[in-house]
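Asks:
Below is the structure:
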(Lines of atoms letter the chains of each structure in order from A and count residues from 1; the text may use other names and numbers.)
(Lines give C-alpha, C1' and ligand atoms only; values in the text may rest on other atoms or scores of the structure.)
Protein backbone atom coordinates (compact mmCIF):
# COMPACT_ATOMS: atom_id res chain seq x y z
CA UNK A 1 0.00 0.00 0.00
CA UNK A 2 1.47 3.39 -1.01
CA UNK A 3 1.84 6.39 1.26
CA UNK A 4 -1.02 8.07 -0.57
CA UNK A 5 -3.36 5.18 0.22
CA UNK A 6 -2.32 5.22 3.88
CA UNK A 7 -2.98 8.96 4.09
CA UNK A 8 -6.39 8.51 2.51
CA UNK A 9 -7.32 5.64 4.82
CA UNK A 10 -6.45 7.70 7.89
CA UNK A 11 -8.29 10.70 6.47
CA UNK A 12 -11.41 8.65 5.74
CA UNK A 13 -11.47 7.35 9.31
CA UNK A 14 -11.38 10.92 10.69
CA UNK A 15 -13.38 12.47 7.82
CA UNK A 16 -10.59 15.04 7.34
CA UNK A 17 -7.56 15.33 5.12
CA UNK A 18 -4.29 16.75 6.40
CA UNK A 19 -0.68 16.63 5.21
CA UNK A 20 2.06 16.45 7.80
CA UNK A 21 5.84 16.53 7.55
CA UNK A 22 8.08 13.53 8.25
CA UNK A 23 7.70 11.97 11.68
CA UNK A 24 10.33 12.74 14.31
CA UNK A 25 11.54 9.35 15.55
CA UNK A 26 13.98 10.62 18.18
CA UNK A 27 15.22 13.96 19.46
CA UNK A 28 18.17 14.99 21.63
CA UNK A 29 20.11 18.07 22.76
CA UNK A 30 23.72 18.60 21.68
CA UNK A 31 25.91 21.73 21.52
CA UNK A 32 22.97 23.84 22.63
CA UNK A 33 20.83 22.68 19.69
CA UNK A 34 17.99 20.21 19.25
CA UNK A 35 18.79 17.38 16.83
CA UNK A 36 15.99 15.31 15.32
CA UNK A 37 16.13 11.85 13.80
CA UNK A 38 13.29 11.97 11.29
CA UNK A 39 11.46 9.45 9.18
CA UNK A 40 13.25 10.80 6.11
CA UNK A 41 16.66 9.85 7.52
CA UNK A 42 15.60 6.30 8.35
CA UNK A 43 14.00 5.77 4.93
CA UNK A 44 17.19 7.03 3.27
CA UNK A 45 19.16 4.41 5.20
CA UNK A 46 16.77 1.80 3.84
CA UNK A 47 17.28 3.14 0.31
CA UNK A 48 21.07 2.99 0.75
CA UNK A 49 20.83 -0.62 1.93
CA UNK A 50 18.73 -1.44 -1.13
CA UNK A 51 21.35 0.16 -3.40
CA UNK A 52 24.10 -1.80 -1.61
CA UNK A 53 22.16 -5.03 -2.13
CA UNK A 54 21.66 -4.22 -5.82
CA UNK A 55 25.38 -3.51 -6.26
CA UNK A 56 26.33 -6.78 -4.54
CA UNK A 57 23.88 -8.80 -6.60
CA UNK A 58 24.74 -7.26 -9.97
CA UNK A 59 28.43 -6.65 -9.36
CA UNK A 60 29.68 -10.06 -8.25
CA UNK A 61 30.89 -12.91 -10.43
CA UNK A 62 31.25 -10.78 -13.56
CA UNK A 63 32.98 -12.20 -16.63
CA UNK A 64 34.51 -10.67 -19.73
CA UNK A 65 31.74 -12.20 -21.85
CA UNK A 66 28.31 -12.02 -20.19
CA UNK A 67 26.85 -15.46 -19.52
CA UNK A 68 23.98 -14.54 -17.19
CA UNK A 69 20.96 -12.26 -17.36
CA UNK A 70 22.18 -10.63 -14.17
CA UNK A 71 25.39 -9.44 -15.82
CA UNK A 72 23.49 -8.44 -18.96
CA UNK A 73 21.20 -6.28 -16.83
CA UNK A 74 24.19 -4.73 -15.05
CA UNK A 75 25.87 -3.87 -18.35
CA UNK A 76 22.62 -2.42 -19.70
CA UNK A 77 22.34 -0.08 -16.70
CA UNK A 78 26.00 0.95 -16.99
CA UNK A 79 25.64 1.63 -20.71
CA UNK A 80 22.52 3.71 -20.05
CA UNK A 81 24.41 5.94 -17.61
CA UNK A 82 27.43 6.16 -19.92
CA UNK A 83 25.26 7.20 -22.87
CA UNK A 84 23.40 9.72 -20.74
CA UNK A 85 26.63 11.36 -19.52
CA UNK A 86 28.30 11.30 -22.94
CA UNK A 87 25.21 12.75 -24.62
CA UNK A 88 24.57 15.50 -22.06
CA UNK A 89 28.04 16.38 -20.79
CA UNK A 90 30.48 15.05 -23.37
CA UNK A 91 33.11 12.35 -23.17
CA UNK A 92 35.54 14.54 -21.20
CA UNK A 93 33.14 14.44 -18.25
CA UNK A 94 33.13 10.66 -17.93
CA UNK A 95 34.68 11.01 -14.48
CA UNK A 96 31.21 12.06 -13.31
CA UNK A 97 29.58 8.80 -14.44
CA UNK A 98 29.68 7.17 -11.02
CA UNK A 99 28.07 10.15 -9.31
CA UNK A 100 25.42 10.63 -12.00
CA UNK A 101 24.61 6.91 -11.96
CA UNK A 102 24.17 6.71 -8.20
CA UNK A 103 22.26 10.00 -8.17
CA UNK A 104 19.54 8.87 -10.56
CA UNK A 105 19.23 5.46 -8.87
CA UNK A 106 19.08 7.07 -5.43
CA UNK A 107 16.42 9.62 -6.38
CA UNK A 108 14.33 7.03 -8.25
CA UNK A 109 14.32 4.69 -5.24
CA UNK A 110 13.55 7.57 -2.86
CA UNK A 111 10.61 8.53 -5.05
CA UNK A 112 9.28 4.98 -5.46
CA UNK A 113 9.71 3.90 -1.83
CA UNK A 114 6.21 5.26 -1.18
CA UNK A 115 4.83 2.24 -3.07
CA UNK A 116 5.58 0.07 -0.01
CA UNK A 117 3.96 2.45 2.44
CA UNK A 118 7.01 4.52 3.43
CA UNK A 119 7.13 8.29 3.06
CA UNK A 120 9.28 9.40 0.12
CA UNK A 121 12.36 11.22 1.46
CA UNK A 122 12.19 13.55 -1.55
CA UNK A 123 8.93 14.92 -0.09
CA UNK A 124 11.19 16.51 2.54
CA UNK A 125 12.79 19.76 1.41
CA UNK A 126 15.86 19.13 3.59
CA UNK A 127 16.64 16.05 1.46
CA UNK A 128 16.14 17.70 -1.92
CA UNK A 129 17.98 20.77 -0.64
CA UNK A 130 21.00 18.67 0.33
CA UNK A 131 21.12 17.06 -3.12
CA UNK A 132 20.86 20.49 -4.74
CA UNK A 133 23.68 21.85 -2.57
CA UNK A 134 25.92 18.97 -3.68
CA UNK A 135 25.18 19.93 -7.29
CA UNK A 136 25.96 23.58 -6.45
CA UNK A 137 29.41 22.74 -5.05
CA UNK A 138 30.19 20.45 -7.98
CA UNK A 139 29.25 23.30 -10.30
CA UNK A 140 31.56 25.73 -8.50
CA UNK A 141 34.34 23.12 -8.49
CA UNK A 142 34.06 22.61 -12.24
CA UNK A 143 34.17 26.36 -12.87
CA UNK A 144 37.27 26.74 -10.71
CA UNK A 145 38.92 23.66 -12.25
CA UNK A 146 38.42 24.77 -15.86
CA UNK A 147 39.03 28.48 -15.39
CA UNK A 148 41.39 28.71 -12.45
CA UNK A 149 41.03 31.40 -9.80
CA UNK A 150 41.03 34.20 -12.36
CA UNK A 151 38.52 32.53 -14.65
CA UNK A 152 36.29 31.60 -11.72
CA UNK A 153 35.80 35.17 -10.56
CA UNK A 154 35.78 36.57 -14.09
CA UNK A 155 32.75 34.39 -14.91
CA UNK A 156 30.70 36.40 -12.42
CA UNK A 157 31.51 39.60 -14.35
CA UNK A 158 30.41 38.32 -17.76
CA UNK A 159 29.28 39.79 -20.03
CA UNK A 160 29.70 43.13 -18.20
CA UNK A 161 30.87 43.96 -14.66
CA UNK A 162 27.53 45.44 -13.61
CA UNK A 163 26.03 41.95 -14.06
CA UNK A 164 27.83 40.75 -10.90
CA UNK A 165 24.78 40.94 -8.57
CA UNK A 166 22.58 39.23 -11.16
CA UNK A 167 25.11 36.46 -11.76
CA UNK A 168 25.48 35.81 -8.02
CA UNK A 169 21.71 35.62 -7.61
CA UNK A 170 21.55 33.27 -10.58
CA UNK A 171 24.11 30.92 -9.03
CA UNK A 172 22.20 30.82 -5.75
CA UNK A 173 18.80 30.42 -7.40
CA UNK A 174 19.86 27.30 -9.35
CA UNK A 175 20.11 24.94 -6.33
CA UNK A 176 17.05 26.57 -4.74
CA UNK A 177 14.94 25.95 -7.84
CA UNK A 178 16.24 22.37 -8.14
CA UNK A 179 15.38 21.58 -4.53
CA UNK A 180 11.93 23.15 -4.65
CA UNK A 181 11.08 21.60 -8.03
CA UNK A 182 11.67 18.03 -6.87
CA UNK A 183 10.18 18.64 -3.43
CA UNK A 184 7.13 20.43 -4.83
CA UNK A 185 6.37 17.76 -7.41
CA UNK A 186 6.64 14.92 -4.91
CA UNK A 187 4.48 16.65 -2.30
CA UNK A 188 1.95 17.74 -4.93
CA UNK A 189 1.64 14.18 -6.22
CA UNK A 190 1.22 12.87 -2.70
CA UNK A 191 -1.47 15.44 -1.88
CA UNK A 192 -3.41 15.12 -5.15
CA UNK A 193 -3.35 11.33 -4.99
CA UNK A 194 -4.45 11.42 -1.36
CA UNK A 195 -7.32 13.77 -2.18
CA UNK A 196 -8.51 11.43 -4.94
CA UNK A 197 -8.50 8.44 -2.59
CA UNK A 198 -10.21 10.48 0.12
CA UNK A 199 -12.91 11.86 -2.17
CA UNK A 200 -13.74 8.55 -3.82
CA UNK A 201 -13.59 6.71 -0.51
CA UNK A 202 -16.54 8.75 0.69
CA UNK A 203 -18.76 8.02 -2.33
CA UNK A 204 -17.67 4.65 -3.74
CA UNK A 205 -15.14 1.86 -3.26
CA UNK A 206 -11.86 3.41 -4.55
CA UNK A 207 -10.65 0.83 -7.04
CA UNK A 208 -9.88 1.80 -10.63
CA UNK A 209 -9.39 5.58 -10.65
CA UNK A 210 -7.10 5.70 -7.59
CA UNK A 211 -5.05 2.86 -9.04
CA UNK A 212 -4.49 4.87 -12.24
CA UNK A 213 -3.64 7.96 -10.17
CA UNK A 214 -1.14 5.94 -8.15
CA UNK A 215 0.40 4.60 -11.37
CA UNK A 216 1.07 8.17 -12.47
CA UNK A 217 1.94 9.98 -9.24
CA UNK A 218 3.89 7.16 -7.57
CA UNK A 219 5.66 5.58 -10.54
CA UNK A 220 5.67 7.66 -13.71
CA UNK A 221 6.05 11.05 -12.04
CA UNK A 222 8.65 9.70 -9.59
CA UNK A 223 10.86 8.34 -12.39
CA UNK A 224 10.45 11.44 -14.53
CA UNK A 225 11.31 13.80 -11.67
CA UNK A 226 14.45 11.78 -10.90
CA UNK A 227 15.48 11.97 -14.56
CA UNK A 228 14.86 15.74 -14.71
CA UNK A 229 16.84 16.35 -11.52
CA UNK A 230 19.76 14.34 -12.90
CA UNK A 231 19.66 16.11 -16.26
CA UNK A 232 19.65 19.51 -14.53
CA UNK A 233 22.65 18.43 -12.46
CA UNK A 234 24.59 17.51 -15.59
CA UNK A 235 23.51 20.70 -17.34
CA UNK A 236 24.58 23.00 -14.50
CA UNK A 237 27.95 21.29 -14.12
CA UNK A 238 28.68 21.45 -17.86
CA UNK A 239 27.51 25.06 -18.29
CA UNK A 240 29.79 26.17 -15.45
CA UNK A 241 32.84 25.38 -17.56
CA UNK A 242 35.08 28.37 -18.21
CA UNK A 243 36.24 28.64 -21.79
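Numbering (the working numbering), first residue to last: 2 to 244. Note that CB positions come from ideal geometry on N, CA and C, so glycine has one too. These numbers were taken from a predicted model, which means no experiment stands behind them.
Hey, could you find the ends of the alpha helix (DSSP H) residue 77 is sitting in?
Replies: Locating residue 77 in the chain shown gives position 76, counting from the first residue. In this chain, the alpha helix (DSSP H) harbouring residue 77 covers 70–89.
Asks: Rounding to the nearest angstrom, what Cα-Cα distance links residue 169 and residue 157 in this structure?
Replies: Position 168 of the chain shown, counted from the first residue, corresponds to residue 169. Position 156 of the chain shown, counted from the first residue, corresponds to residue 157. Each residue's alpha carbon lies about 7 Å from the other.
Asks: Going by the CB atoms, is the gap between residue 186 and residue 226 shorter than 8 Å?
Replies: Along the chain shown, one-based indexing puts residue 226 at 225. Along the chain shown, one-based indexing puts residue 186 at 185. Taking 8 Å as the Cβ cut-off, residue 226 and residue 186 qualify as a contacting pair.
Asks: Can you tell me where the beta strand (DSSP E) with residue 30 in it begins and where it stops?
Replies: For the purposes of this step, residue 30 is taken as the residue at position 29 of the chain shown. First-last of the beta strand (DSSP E) with residue 30: 25–31.
Asks: Tell me whether the beta-carbon of residue 190 lies closer than 8 Å to the beta-carbon of residue 222.
Replies: Stepping through the chain shown from its first residue, residue 190 is reached at position 189. Stepping through the chain shown from its first residue, residue 222 is reached at position 221. In contact: residue 190 and residue 222 (Cβ atoms closer than 8 Å).
Asks: Tell me which residue opens and which closes the alpha helix (DSSP H) that residue 233 is part of.
Replies: On the chain shown, position 232 is the one that residue 233 refers to. It spans 222–240 - the alpha helix (DSSP H) in which residue 233 sits, taken as one unbroken run.
Asks: Taking contact to mean at least 3 C-beta pairs separated by less than 8 Å, is the region 152–166 in contact with the region 82–102?
Replies: no
Asks: Give me the Cα-Cα distance between residue 148 and residue 62, rounded to the nearest whole angstrom.
Replies: Walking along the chain shown from the start, residue 148 turns up at place 147. Walking along the chain shown from the start, residue 62 turns up at place 61. Distance between the alpha carbons of residue 148 and residue 62 is about 42 Å.
Asks: Can you tell me where the beta strand (DSSP E) with residue 164 in it begins and where it stops?
Replies: Taking the first residue of the chain shown as position 1, residue 164 is located at position 163. Element bounds for residue 164: n/a, residue is neither H nor E.
Asks: Looking at the structure shown, is residue 61 part of a helix, part of a strand, or coil, going by DSSP?
Replies: Taking the chain shown and counting its residues from 1, one reaches residue 61 at position 60. Three-state result, residue 61: coil.
Asks: My output table needs one value for residue 37: the three-state DSSP class, helix, strand or coil.
Replies: The residue you call residue 37 lines up with position 36 of the chain shown. In the structure shown, residue 37 sits in a strand (DSSP, three-state: E or B).
Asks: Can you name the start and end residues of the alpha helix (DSSP H) that residue 128 belongs to?
Replies: Residue 128 sits at position 127 when you count from the first residue of the chain shown. Residue 128 -> alpha helix (DSSP H) spans 126–155.
Asks: Can you look up residue 243 in the DSSP assignment and give me helix, strand or coil?
Replies: On the chain shown, residue 243 is found 242 positions in, with the first residue counted as 1. Three-state DSSP puts residue 243 in coil, outside helix and strand.
Asks: Which residues bound the alpha helix (DSSP H) around residue 1?
Replies: As displayed, the chain neither begins before 2 nor continues past 244, which places residue 1 out of reach and without an answer.
Asks: For residue 83 versus residue 98, is the C-beta spacing smaller than 8 Å?
Replies: Here residue 83 is taken as the residue at index 82 of the chain shown, counted from 1. Here residue 98 is taken as the residue at index 97 of the chain shown, counted from 1. In this structure, residue 98 lies closer than 8 Å to residue 83 by Cβ.
Asks: Just to confirm, is the Cβ distance from residue 180 to residue 133 under 8 Å?
Replies: Your numbering for residue 180 matches position 179 in the chain shown. Your numbering for residue 133 matches position 132 in the chain shown. Yes. Within cutoff.
Asks: Can you tell me which of the three DSSP states residue 122 falls into?
Replies: What you label residue 122 is simply residue 121 of the chain shown in a count that begins at 1. If DSSP states are grouped into helix, strand and coil, residue 122 belongs with the helices.
Asks: Would you mind giving the Cβ-Cβ distance between residue 183 and residue 129, rounded to the nearest angstrom? I have them listed as a contact below 8 Å.
Replies: Position 182 of the chain shown, counted from the first residue, corresponds to residue 183. Position 128 of the chain shown, counted from the first residue, corresponds to residue 129. About 4 Å separates the two Cβ atoms, so the contact holds.
Asks: Taking just the CA atoms, how far does residue 64 sit from residue 136?
Replies: To locate residue 136, count along the chain shown from 1; it is residue 135. To locate residue 64, count along the chain shown from 1; it is residue 63. The alpha-carbon atoms of residue 136 and residue 64 are separated by roughly 34 Å.
Asks: Please classify residue 67: does DSSP put it in a helix, a strand, or coil?
Replies: Sequence index remark: in the chain shown, residue 67 carries index 66 (1-based). DSSP places residue 67 outside both helix and strand once states are collapsed to three, so it counts as coil.
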